[in-house]
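I have placed the structure first, in the form of structure tokens, so that the comments after it can refer back to it.
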Amino acid sequence: MQTLQISIYVIAGLVVLALLFDFMNGFHDAANAIATVVSTGVLKPQTAVAMAAFFNVIAIVFFKLKVAAMIGKGTIEPWAIDHYVIFGALVGAVFWNLVTWYFGIPSSSSHALIGGLVGAAVAKSGTAALISSGLIWTISFIVLSPLLGFLLGSLMMLLVSWVFVRSTPMKVDKWFRRLQLVSASMYSLGHGGNDAQKTMGIIWMLLIAGGYSSTHDAMPPMWVILSCYAAIGMGTLFGGWRIVKTMGQKITKLKPVGGFCAETGGAITLFIATAMGIPVSTTHTITGAIVGVGSSQKMSAVRWGVAGNIVWAWVLTIPASAFVAAIAWWIGKQIL
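Yeah, the sequence shown ends on 515 if you go by our numbering, and it's all consecutive.
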């Protein structure tokens, strides 16, 4: 890969923009980690976001950087990456995050970033710039992650119903108010482990293009790793409150036992995907798990109209962010 001559000021500005996206990722996706535990009344919102932010950050200890490697070296051909492509990708992703946050729609920050990368890279070099193998895995998990979340959430609910069939509702509620603290923590751990690495991958791309890192490096510089985990933790701490109500109550009414099953099913899905190095949507995962929990009780417990609107947002995420990213790439060519 040919090293580009990129001003250190441009690189610094794009790193700041990437960390802003990472902050917004935590801010936007905080609802995924805390909506169930808040809506069931187990924790107050301020306590829930503090706990989620803590587990977002300590995910650095538990997960290898396979997702960062997939984003940084497995989605776009290295020869197609330059500072204009990175700028376009980040602007496209940030734009879509802002739009969906404003309207309270739980969309995917992850796929907004993938869409941004695809749109900017294709605008520059055409479809030859895309690495099909990496993108196929990522796009396939748009469908697979909510399905796996749905399956695991519903199975957990059925298992718990069978184990506690002779227990009183009061006793079940008491037990799962405690257990939901564990499940929410595990989901936040999976959220930090998968999502923070996506921004690491973007910054790593930029550093490789500018000659500050190499495609042969096994991992990005430590300052990139630490700053990305810190940024997503801070974003979660501030919280995306507009989306909490949609995730926690509008799809289906959750009790602590349902919240535990949804979070556990979602956390298992995130752990599997992160271990495989696949960037998945925490939004898709937890939504699928919540629907699974609701439908395991009765199909009418799920507000399918709300769920359908969310799915439409998922469908639009990649093309919308790609379109904005292509325009931003052109603007970047004029101003950077």
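Virtual Cβ for every residue (Gly too), placed ideally from N, Cα, C.
Being a predicted model, the structure only gives us computed values, none of them experimental.
In whole angstroms, what separates the C-alpha of residue i from that of residue j?
| i | j | result |
| --- | --- | --- |
| residue 426 | residue 236 | For residue 426, the predicted structure reports a pLDDT of 48, less than 50, and the residue's modelled location is therefore unreliable. A value from the coordinates is still provided. Distance between the alpha carbons of residue 426 and residue 236 is about 23 Å. |
| residue 414 | residue 244 | 21 Å |
| residue 307 | residue 297 | 11 Å |
| residue 349 | residue 249 | 46 Å |
| residue 513 | residue 304 | 17 Å |
| residue 508 | residue 185 | 16 Å |
| residue 397 | residue 199 | 25 Å |
| residue 213 | residue 471 | 18 Å |
| residue 345 | residue 351 | 10 Å |
Do residue j and residue i count as a contact pair if the criterion is CB distance below 8 Å?
| i | j | result |
| --- | --- | --- |
| residue 271 | residue 494 | no |
| residue 363 | residue 230 | yes |
| residue 331 | residue 444 | yes |
| residue 333 | residue 452 | no |
| residue 302 | residue 267 | yes |
| residue 247 | residue 379 | yes |
| residue 469 | residue 441 | yes |
| residue 309 | residue 239 | no |
| residue 232 | residue 412 | yes |
| residue 365 | residue 446 | yes |
| residue 295 | residue 500 | yes |
| residue 367 | residue 234 | yes |
| residue 383 | residue 392 | yes |
| residue 449 | residue 390 | no |
| residue 385 | residue 196 | no |
| residue 399 | residue 251 | yes |
| residue 515 | residue 381 | no |
| residue 217 | residue 359 | no |
| residue 410 | residue 242 | no |
| residue 136 | residue 329 | Residue 136 lies beyond the stretch modelled for the chain, which goes from 180 to 515, so this question has no answer here. |
Does the beta-carbon of residue i, which I'm using as the reference point, lie nearer than 7 Å to any heavy atom of the ligand ZN?
| i | result |
| --- | --- |
| residue 192 | In terms of ligand content, the structure shown is empty, and the ligand ZN therefore cannot be addressed. |
Starting from the C-beta of residue i, find all residues in its chain whose C-beta is less than 6 Å away, skip the five residues before and the five after it, and write them out in chain order.
| i | result |
| --- | --- |
| residue 207 | 276, 280, 288 and 419 |
| residue 327 | 448 |
| residue 497 | 290 and 294 |
| residue 278 | none |
With a threshold of 7 Å on Cβ separation, who are the neighbours of residue i within its own chain once the five nearest residues in sequence on each side are excluded?
| i | result |
| --- | --- |
| residue 377 | 246, 250, 289, 292 and 458 |
| residue 253 | 310 and 313 |
Item to check | Touch test, the stretch 454–468 against the stretch 367–374, Cβ-Cβ under 8 Å, three pairs minimum | outcome: Contact between the stretch 454–468 and the stretch 367–374 is present: three or more C-beta pairs spanning the two stretches fall below 8 Å.
Next on the checklist: I'd like the ranges of any alpha helix (DSSP H) spanning at least 4 consecutive residues and lying wholly in the stretch 389–421.
Outcome noted: Fully enclosed alpha helix (DSSP H) runs of 4 or longer: 401–417.
Checklist entry - Are three or more beta carbon pairs between the stretch 434–446 and the stretch 256–266 nearer than 8 Å? => result Verdict: no, contact absent.
Checklist entry - So, do the stretch 401–410 and the stretch 313–320 have three or more beta carbon pairs nearer to each other than 8 Å? => result No, they do not touch.
Checklist entry - Quick one: complete alpha helix (DSSP H) runs, 4+ long, within the stretch 201–281? => result Complete alpha helix (DSSP H) runs here, min 4: 224–237, 245–252 and 262–281.
Item to check | Secondary structure, alpha helix (DSSP H): runs of 4+ residues fully inside the stretch 426–465 | outcome: Segments of the alpha helix (DSSP H) lying fully in the stretch 426–465: 435–455.
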